[in-house]
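Residue numbers (our numbering), protein chains in the order written: chain A, 1 to 115; chain B, 1001 to 1112.
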Amino acid sequence: NAGVMQNPRHLVRRRGQEARLRCSPMKGHSHVYWYRQLPEEGLKFMVYLQKENIIDESGMPKERFSAEFPKEGPSILRIQQVVRGDSAAYFCASSELPTGTGELFFGEGSRLTVL
Amino acid sequence: GESVGLHLPTLSVQEGDNSIINCAYSNSASDYFIWYKQESGKGPQFIIDIRSNMDKRQGQRVTVLLNKTVKHLSLQIAATQPGDSAVYFCAENRPNTDKLIFGTGTRLQVFP
């Protein structure tokens, strides 16, 4: 049973380009979470999704950021018109149950660098 | 504001000694707490969790203590090894939400 798979592991973009980060949850997990981590800081919650639904996006910036978890395929975190401040590690996590009742498994992260 | 914070950003211990990493949380309604270990360049890895109806839980070489009176959480690592060197995060889950709130982290350095 593979763990949470994220790709790409490293992504370099120029200002104004788009970044797409993909996350395949563990088999059997229908709850997906995205977190952002700046160097030497903790993880900041961005969005919580279940299949085809956004449950909580209170941590997502109002503009340029979007997330989806389609019925088929991985969850996608999309950042449009990237700026240097978007440079960070983006972690995806999945769980079989909501986090209050079950363990959260993290991927290895996607590291975005904006030039 | 609501936050989960740590008292010490860096902790240096000698191999074989016990380590204690502390965490303060501000939301007294939080009912589930988790400790994660994050090695350089990797994702957080679950270590141990505890629910608010408990004050102590033990795993292999690790113990988590919860003091709800002062809203304090600690992670104790027995016989610390070089492989324990990492950043440790505490995280809390609040009722009626389905997300974990992470603290800033403590870097544990183990020297011979």
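Quick reminder that beta carbons are idealized off the backbone N, C-alpha and C, glycines included. Nothing here was measured: the structure is a model prediction, and the numbers come from that model.
Next on the checklist: DSSP has residue 106/A in a bridge; who is on the other side?
Outcome noted: 93/A
Checklist entry - Taking any Cβ of chain B, which residues in the region 42-57 of chain A have a Cβ under 8 Å from it, in chain order? => result 42, 43, 44, 45, 48, 55 and 56
Checklist entry - Is residue 98/A close to chain B, meaning its C-beta is less than 7 Å from at least one C-beta of that chain? => result yes
Item to check | Positions along the region 1079-1106 of chain B whose CB lies within less than 9 Å of some CB in chain A | outcome: 1087, 1089, 1091, 1093, 1094, 1095, 1096, 1097, 1098, 1099, 1100, 1101, 1102, 1103, 1104 and 1105
Checklist entry - Taking 7 Å as the CB-CB cut-off, is residue 109/A touching chain B? => result yes
Checklist entry - In the structure shown, what three-state DSSP assignment does residue 22/A receive? => result DSSP places residue 22/A in strand when its eight states are reduced to three.
Checklist entry - Mind checking residue 39/A: buried by the 16 CB within 10 Å criterion, or exposed? => result exposed
Next on the checklist: One question on the structure: do residue 1085/B and residue 1108/B come within less than 7 Å of each other, judged by their Cβ atoms?
Outcome noted: yes
Item to check | Chain-ordered residues of the region 1023-1043 of chain B with a beta carbon less than 9 Å from chain A | outcome: 1031, 1032, 1034, 1036, 1038, 1041, 1042 and 1043
Checklist entry - Taking C-beta to C-beta, are residue 108/A and residue 1043/B nearer than 7 Å? => result yes
Checklist entry - So what does DSSP say about residue 1049/B, is it helix, strand or coil? => result strand
Item to check | Nearest to residue 1033/B (by Cα), restricted to the options 1099/B, 1111/B, 1110/B and 1112/B | outcome: 1099/B
Item to check | residue 84/A in three-state terms, based on DSSP | outcome: helix
Checklist entry - Are the region 1008-1024 of chain B and the region 52-68 of chain A in contact at 8 Å, needing three or more beta carbon pairs? => result Output reads no: the region 52-68 of chain A does not touch the region 1008-1024 of chain B.
Checklist entry - Where does residue 56/A fall in DSSP's three states? => result In this structure, residue 56/A counts as strand in the three-state DSSP scheme.
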